[in-house]
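For reference, the structure is listed below as structure tokens.
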Amino acid sequence: MAYHKPKALRPGDLIGVAAPAGPVEEERLRRGVAEIESLGFAVRVAEGTLSRRGFTAGAPAARLAALQGLFAEPDVRAIVCARGGAGLIQLMPRLDAATVRAQPKLLVGYSDVTLLHLLMAQAGVTSVHGPMAARELADGEGAYDRPSLWHALTGEGEPYASGPDELVALREGAAEGILRGGCLSLLAAAAGTPWALVTAAEPTILFVEDVDEKPYRVDRMLRQLRASGAFEGVRGVVFGDMKGCAPGIDEDYALEEVLLEALFGLDVPVALGLSSGHAAGPNVALPFGVRARLACNGEDARLEVREAPVA
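Written out as structure tokens, the structure is:
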């Protein structure tokens, strides 16, 4: 499938910020907006972004209207989500691929935003699994990987490539494909829905990450995805930091064993440790819908993004 690449941003372009999922702290949002502005972009915060309703940033209809409004606004060149959390699934039945295909623009976020990445993939539009306004961007440059975000937004500089010792090889091999993925619990939750992860059409390098999930839940979700057919086109798997997902100190097994057992019979290279999403280190902006290469040799692994998500 050929992906459409939104037009590259330039200094002064307008970035929209919305909260389609969890509630947002006002001070963190303010700092995140200031960080985006420090990169040279103008910012428009969608109406209702600071609303609260239970575990979400307002009523579903209001969050839907805010998000659709940013997608429909010609002057908005990209959308950065304020945060993840929960509640985006409430909007999904009323969103469709035509919404994002009509005026393609870059979407940036992770966690619950994985559902929007799946919708973007369905529409054939590239997107970015990366830092959010009231999360890493609010904490400043040390909390996110600025070169990878800049390249994702503008196409300037070099595509992201992991450095020496950043990734650990769990299974040897090399493969190329389209980079797809997101938060494991959301990918699993989407199985069987109209916006489920689909890889069968072409070779895929799958990125999977999550936080604070017990090893047995990681195992179950990976097996669920495999049973649903989501791994049919997968030629390589890269896991994130998987922060908080390791067994307890009194357990006699390792997370690496759990991952490899869940992927048993899938003869593809596997790596662990990419700092994107719920990450311990600076949050890497990882473009989805672009070509990438994964090479695992011995204990060393390297992921190379081969192109920008913008044109």
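Residue numbers (numbering that gives the first Met the number 0): 0 to 310.
Ideal Cβ positions, reconstructed from N, Cα and C, are used throughout, including at glycine.
Within the model, the alpha-carbon separation for Gly156 versus Leu293 is close to 20 Å.
With a 10 Å radius around the Cβ and a threshold of 16 neighbouring Cβ atoms, Tyr215 comes out exposed. Around the C-beta of Met0, fewer than 16 other C-beta atoms lie within 10 Å, and the residue is accordingly described as exposed. Straight through space, the alpha carbons of Gly172 and Phe54 are spaced by roughly 43 Å.
As the crow flies, the alpha-carbon of Leu90 is around 15 Å from that of Ser110. For Gly288, same chain residues with a beta-carbon under 6 Å away, outside a window of 5 residues either side, are Tyr2 and Thr125 in chain order. Between the alpha carbons of Gly180 and Gly11 lies a distance of about 30 Å. The bridge partners DSSP lists for Ser126 are Phe287.
Fully contained in the region 202-240 are the following beta strand (DSSP E) runs of length 3 or more, in chain order: 203-208 and 233-239. DSSP places Val16 in the strand class (E or B) of the three-state scheme. For Asn296, the number of other beta carbons within 10 angstroms of its own is below 16, and it is reported as exposed. His3 sits in a strand when the DSSP states are folded into three classes.
In the three-state DSSP reduction, Val257 falls in the helix class (H, G or I). When only Cα atoms are considered, Val217 and Val207 end up about 10 Å apart.
For a cut-off of 8 Å, the C-beta gap from Val304 to Lys4 is around 13 Å, too long to register as a contact.
Burial state of Thr192 is exposed, judged by a 10 Å Cβ sphere holding fewer than 16 other Cβ atoms.
Boundaries cannot be given for Val267, as no beta strand (DSSP E) includes it and DSSP labels it neither H nor E. Exposed is the label assigned to Ala199, since fewer than 16 other Cβ atoms lie within 10 Å of its Cβ.
Val32 sits in a helix when the DSSP states are folded into three classes.
Under the three-state reduction of DSSP, Gly141 is assigned to helix. Residue burial is scored here from C-beta neighbours: Gly264 has fewer than 16 other C-beta atoms within 10 angstroms and is therefore classed as exposed.
Judged by pairs of C-beta atoms under 8 Å, the region 91-104 does not touch the region 255-274, as fewer than three such pairs exist.
The beta carbons of Met241 and Leu262 sit about 14 Å from each other, so the pair does not count as a contact at 8 Å. Taken through DSSP and simplified to helix, strand or coil, Ile78 comes out as strand.
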